[in-house]
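Shown next, in C-alpha cells, is the structure this report addresses.
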Amino acid sequence: MLRQIGGSISRIRTSIANAVSPMRRTLPQGHARCIAREDEHPSDPKVTTRGARVMATMKAVRIHRYGGPEVLRIETVDRPSPGRGDILVRVIAAGVNPVDWKVRAGHMQAAVPVKFPWIPGGDFSGIVEEVGPSVRGVKPGDAVYGKADLPADGSYAEYVTVPRAHVAAKPHTLDHVHAAAVPLAAMTAWQALFGGTGSPSLELMPGQTLLVIGATGGIGSFSVPLAVARGAKVIGVVRRSRESSEKAAYVRSLGASDVVDVEGMSAYDGIDAVLDLVGGEVQARAWAVLKDGGAMASTMGEPSDDEARQRGARGLAIWTQTSGSQLEEIAGLIDLRNIPVHADEVMRLEDVKKAHERLEHGGVRGKIVLRVAREPG
Ligand SMILES: NC(=O)c1ccc[n+]([C@@H]2O[C@H](COP(=O)([O-])OP(=O)(O)OC[C@H]3O[C@@H](n4cnc5c(N)ncnc54)[C@H](OP(=O)(O)O)[C@@H]3O)[C@@H](O)[C@H]2O)c1
Numbered sequence: 003m004l005r006q007i008g009g010s011i012s013r014i015r016t017s018i019a020n021a022v023s024p025m026r027r028t029l030p031q032g033h034a035r036c037i038a039r040e041d042e043h044p045s046d047p048k049v050t051t052r053g054a055r056v057m058a059t060m061k062a063v064r065i066h067r068y069g070g071p072e073v074l075r076i077e078t079v080d081r082p083s084p085g086r087g088d089i090l091v092r093v094i095a096a097g098v099n100p101v102d103w104k105v106r107a108g109h110m111q112a113a114v115p116v117k118f119p120w121i122p123g124g125d126f127s128g129i130v131e132e133v134g135p136s137v138r139g140v141k142p143g144d145a146v147y148g149k150a151d152l153p154a155d156g157s158y159a160e161y162v163t164v165p166r167a168h169v170a171a172k173p174h175t176l177d178h179v180h181a182a183a184v185p186l187a188a189m190t191a192w193q194a195l196f197g198g199t200g201s202p203s204l205e206l207m208p209g210q211t212l213l214v215i216g217a218t219g220g221i222g223s224f225s226v227p228l229a230v231a232r233g234a235k236v237i238g239v240v241r242r243s244r245e246s247s248e249k250a251a252y253v254r255s256l257g258a259s260d261v262v263d264v265e266g267m268s269a270y271d272g273i274d275a276v277l278d279l280v281g282g283e284v285q286a287r288a289w290a291v292l293k294d295g296g297a298m299a300s301t302m303g304e305p306s307d308d309e310a311r312q313r314g315a316r317g318l319a320i321w322t323q324t325s326g327s328q329l330e331e332i333a334g335l336i337d338l339r340n341i342p343v344h345a346d347e348v349m350r351l352e353d354v355k356k357a358h359e360r361l362e363h364g365g366v367r368g369k370i371v372l373r374v375a376r377e378p379g
C-alpha cells in the first residue's frame with residue numbers, strides 16, 4: 003500500500019511537471035432556448051421517417067435575471083448540440099459550487115457576463131451522448147466527469163455541451179453523484195497546492211506544514227487529503243459554531259493533524275504555507291502564522307503585497323483553470339482510495355433553490371450534489 007501511495011505521489015509530481023495550460027473557452031456556447039413552460043418534462047429525441055433528428059428537448063434549471071434562489075426555474079428547453087471539439091454529455095449528477103450562487107446573485111457580473119436565459123452549474127458527471135467534429139479519445143457511452151466553463155450554459159440540466167479538453171474518465175470507484183462532487187473543488191485544491199497549469203502555486207513539499215483556512219468546505223475537503231498524500235502535515239482552520247467539535251472530527255478524518263478555529267490560529271507560527279479559502283479579515287490574520295519566506299495562496303483575491311514583502315513571502319491569487327489531464331490524475335488518486343469524496347447532501351434537480359440556500363448559509367461539509375438522473379446500470 004505504501005509503495006502504491008509513493009507511486010501515486012510520484013505520478014502527481016510527473017504530471018505537474020508535464021501539465022500544460024488547457025484551452026480556455028470564454029465564449030458562450032450551447033445556450034438553450036426556452037420552448038415550454040416551467041416544470042414540464044423532457045421528451046426523447048424524435049426521429050423522422052427519413053431518420054433525421056428533429057429538435058429534442060431537455061429539463062434544465064435556468065435564470066432569466068440575477069437575484070435570490072427564487073430566480074432558479076425548472077424549464078424545458080432545446081437540447082444543445084456539440085460543436086467542433088465539444089462533447090454532449092447526458093448529466094447524471096451536477097455538483098454545486100459557491101460560484102454558482104455568486105453568479106446567480108449578480109455578484110460576478112463584470113468577471114462573468116452571462117447571457118439570459120442562462121443555465122447555471124459547472125461540475126457534472128454523466129455519459130457521453132454525442133461527440134462533435136474533431137473529438138478524439140471519447141465516444142458515446144463513456145462515463146466522464148468534468149466542468150463546464152463560465153459563462154457558457156452549465157450542468158444543472160439533463161444535457162450539457164463541454165470542450166473535450168474539460169473532461170476525463172469518471173473515477174471507477176465513485177458513482178456519478180460522488181464524481182460530480184469532485185471537479186472544481188479538487189482542481190482548485192490541486193492547482194493551489196501543486197500547480198500544473200502554468201500558474202504559480204504553493205509548491206507544497208513533503209515534510210512541510212500547511213494551514214488550510216475553511217477546511218470543512220468543498221476545496222478544504224480535497225486540500226487536506228491531497229496535502230497529506232504529498233507528505234505534508236496539515237492544520238485545519240474551521241469557523242467557530244455549535245458544531246465546532248463535529249467539524250474538527252470531520253477535518254481530522256480527512257487527515258489533518260490538528261484543527262483550530264480562527265482564534266486558535268494565533269497559537270502557531272513558522273508555518274510553511276497557508277491556503278486561504280475565506281478571505282478578508284481571516285486572511286489578513288493568517289500572515290502572523292506564516293514563516294519568513296513562506297507562501298500564502300488564496301481563492302478569494304490577491305493576498306496583500308505589503309505583507310508578503312515584509313516577510314519575504316509569496317502571496318498568490320488562485321484562478322482555477324479547467325484541465326482534463328488534471329482531472330485524469332485526480333481520478334487516479336481517488337481510485338487508489340487516497341482521496342475521500344464527501345457529498346454532504348444529495349438533492350433532486352428540482353430542489354436547486356434549497357441547495358443554493360444551504361450552500362450560501364454555510365455549514366456544508368464537502369459538497370452538495372444535485373441528482374439529475376438515475377445512476378445507469
Ligand atoms: N478563485 C477561484 O478560481 C476560485 C475557485 C473555486 C472557489 N473559489 C472560492 O473559494 C471559496 C471557497 O470555496 P469552497 O468551494 O471551498 O466553498 P465552501 O464549500 O462554501 O467552503 C467555504 C469554507 O469556508 C468556511 N468559512 C466561511 N467563513 C468563514 C470564516 N469567517 N471563518 C472561518 N471559516 C469560514 C466555511 O465554514 P462553514 O461552512 O462552517 O461556514 C467552509 O468551510 C468560495 O468563496 C469560492 O467561491 C474561488
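Numbering (my numbering), first residue to last: 3 to 379. A virtual CB, placed ideally from N, CA and C, is assigned to each residue, including glycine. No experiment lies behind these values; they were computed from the predicted model shown.
Mind checking which residues open and close the beta strand (DSSP E) that includes residue i?
i, result
"A171", "169 to 171"
"V260", "Just to set this straight, residue 260 is Asp in the shown sequence, not Val. Segment 260 to 263, the beta strand (DSSP E) holding D260."
"P165", "161 to 165"
I need the DSSP call for residue i, collapsed to helix, strand or coil.
i, result
"R75", "strand"
"D307", "helix"
"M349", "strand"
"F224", "helix"
"V98", "strand"
"T190", "helix"
"A375", "coil"
"L195", "helix"
"R138", "coil"
"T50", "Confidence is the limiting factor: at T50 the pLDDT is only 37, short of 50, which leaves the residue's position unreliable, though a coordinate-based value still follows. Looking at T50 - three-state DSSP - the assignment turns out to be coil, as it is neither helix nor strand."
"G282", "helix"
"E362", "helix"
"V184", "coil"
"Q111", "coil"
"L206", "coil"
"R232", "coil"
"Q2", "Only positions 3 to 379 of the chain appear in the structure, and residue 2 is not among them; the question remains open."
Name, in chain order, the residues that DSSP records as bridge partners for residue i.
i, result
"K355", "Answer is none; K355 lacks a bridge partner."
"R64", "R75"
"E132", "L90"
"M298", "V276, G317"
"L152", "Paired residues: none, contrary to the question."
"L292", "I273"
"W369", "First, the amino acid is wrong: residue 369 is Lys here, not Trp. Partner(s): A345."
"F126", "G148"
"T218", "Answer by DSSP bridge pairing: none, since T218 is not bridged."
"T59", "D80"
"W120", "I65"
Taking residue i and residue j to be in contact with their CB atoms under 8 Å, please state how far apart those CB atoms are, rounded to whole angstroms.
i, j, result
"A167", "S157", "With 8 Å as the limit, A167 and S157 do not qualify as a contact, their Cβ atoms being about 16 Å apart."
"G216", "L279", "3 Å"
"A183", "G368", "7 Å"
"V146", "A107", "At roughly 30 Å, the Cβ-Cβ gap does not stay under 8 Å, so V146 and A107 are not in contact."
"S1", "G197", "The structure shown does not extend to residue 1, since the chain spans only 3 to 379, so no value can be given for it."
"L329", "P153", "Actually they are not in contact, since the Cβ atoms of L329 and P153 sit about 21 Å apart, beyond 8 Å."
"I121", "A58", "Contact flag wrong, Cβ pair sits at about 16 Å."
"R242", "V264", "7 Å"
"P165", "D274", "Not a contact, Cβ separation roughly 36 Å."
"L90", "P82", "7 Å"
"R287", "M302", "Not really, about 14 Å apart at Cβ, beyond 8 Å."
"V130", "P119", "Contact doesn't hold; Cβ gap of about 26 Å is too wide."
Give the range of the alpha helix (DSSP H) segment to which residue i is assigned.
i, result
"Y270", "Premise fails: Y270 is in no alpha helix (DSSP H) and is neither H nor E."
"G238", "No alpha helix (DSSP H) contains G238, which is instead part of the beta strand (DSSP E) from 235 to 240."
"V214", "Looking at the DSSP string, V214 is not in any alpha helix (DSSP H); the run it does join, the beta strand (DSSP E), is 211 to 215."
"S327", "326 to 337"
"Y252", "246 to 255"
"V179", "178 to 181"
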